[in-house]
Amino acid sequence: MYLSFFNVKLQGANIFIGLKNYKNVLTDPSFWHAVLTTFIYVIGTTIGTTLVGLGVALVMMRSFPLRGLVRALILLPYIAPVISVVFSWQFFFDPVNGIFMHITYDTLHLFEKRFNLIGSPQNAVIVAIIFNIWRSFPFSYLMILSRLQSIDNSGYEAAEIDGANSWQKFWYITLPELYFILGTIVILRVIWNFNKFEDVYLLTDNVKVLSVYTYFKAFTGVMDQGQGAALAVIQFLLLIGFILFYVRKVLKW
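Residues in the sequence shown are numbered from 3 upward in steps of one, following my numbering.
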């Protein structure tokens, strides 16, 4: 916060400029584009990881052959080094040698020509969201699964005697039991995804979420670290405001 009020010099003394850094940031169209991209990314990844984790946890509650092995394999995306999985995804979407283009262009002829799916900002955002969901859903899955395993079966047995179907049991028994854990997952995922840097930066340079935008502003080009500090403060305030709204108005904790 201290640096955000200064024109930071790489050599020499810093010059106090008051709120000028904040004014420059808030009047820059690139900042508002980064804000929009960040909210799209955060909402998409948070909803996606929560729903996929819930679905996988419900499936893993059922008994089937090799369930223990499958439960272990589900964790691989979450524990694998990010640099290795990013390279795998970049190769998958490579416009020349990638598997995606081979299937969609060469085999199924869905496109008229090859193109780089992560080369345009619009498509790259979607890929970044899908990548984060695939990489992060095991965390949601583990938390939800642990809660599902602690639910007393007597409620399900009573509901079955009353003639409740699977959907009714899920809606009236399972979901209320998961309310607190789902709320916790959403808060954690919002915090982590709002500040997400390495996944997005390594995957593509076409997705300017706030963390990536702040990095480019502070450490590349003209290296305006004063505006970079102002961006970091604004990012923190936006995150706090969103969490307070979610906790008080949505969860009503």
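We treat Cβ as the ideally placed atom computed from N, Cα and C, and that holds for glycine.
_Tell me the residue span of the alpha helix (DSSP H) that contains Arg69._
The residue you call residue 69 lines up with position 67 of the sequence shown. Note, Arg69: alpha helix (DSSP H), Arg69 to Ile76.
*Is the number of C-beta pairs between the segment 126-135 and the segment 34-53 that are closer than 8 Å three or more?*
Between the segment 126-135 and the segment 34-53, the count of Cβ pairs shorter than 8 Å is three or higher; the stretches touch.
*Beta carbon of Ile153, beta carbon of Gly55: below 8 Å?*
Residue 153 sits at position 151 when you count from the first residue of the sequence shown. Residue 55 sits at position 53 when you count from the first residue of the sequence shown. Against a cut-off of 8 Å, the Cβ pair of Gly55 and Ile153 comes out as no contact.
*Reference Asn155, options Lys210, Phe41, Thr176 and Asn167, closest by Cα*: Taking the first residue of the sequence shown as position 1, residue 155 is located at position 153. Measuring from the Cα of Asn155, the nearest candidate turns out to be Thr176.
*Tell me, which residues are paired with Ile17 by DSSP?*
For the purposes of this step, residue 17 is taken as the residue at position 15 of the sequence shown. Answer by DSSP bridge pairing, in chain order: Asn9.
*Going by other Cβ atoms of all chains shown within 10 Å of its Cβ, with 16 needed for buried, is Tyr181 buried or exposed?*
Position 179 of the sequence shown, counted from the first residue, corresponds to residue 181. Burial call: exposed.
*Comparing alpha-carbon positions, which option in Phe8, Glu159 and Thr216 lies nearest His35?*
Position 33 of the sequence shown, counting from 1, holds the residue named residue 35. Ranking the options by Cα distance to His35, first place goes to Thr216.
_Could you tell me the alpha carbon to alpha carbon distance between Gly14 and Val37, rounded to whole angstroms?_
Translated into the one-based positions of the sequence shown, residue 14 becomes position 12. Translated into the one-based positions of the sequence shown, residue 37 becomes position 35. Their Cα atoms are separated by approximately 33 Å.
_Check this for me: beta carbons of Ile76 and Val58, under 8 Å apart or not?_
Position 74 of the sequence shown, counting from 1, holds the residue named residue 76. Position 56 of the sequence shown, counting from 1, holds the residue named residue 58. Yes, Cβ-Cβ distance for Ile76 and Val58 is below 8 Å.
*Give the single residue among Phe18, Trp91, Phe33 and Asn23 whose Cα lies nearest to the Cα of Thr206.*
Position 204 of the sequence shown holds residue 206. Among Phe18, Trp91, Phe33 and Asn23, the Cα nearest to that of Thr206 is on Trp91.
*Thinking Thr29 and Lys210 are a contact (beta carbons under 8 Å), I'd like their distance in whole angstroms, please.*
Translated into positions along the sequence shown, residue 29 becomes position 27. Translated into positions along the sequence shown, residue 210 becomes position 208. The pair is not a contact, with the Cβ atoms about 17 Å apart (cut-off 8 Å).
*Same chain, Cβ closer than 7 Å to Asp226, neighbours up to 5 away in sequence not counted*: Here residue 226 refers to the residue found at position 224 of the sequence shown. For Asp226, where only same-chain residues beyond five positions count, the Cβ hits under 7 Å are Lys219 and Ala220.
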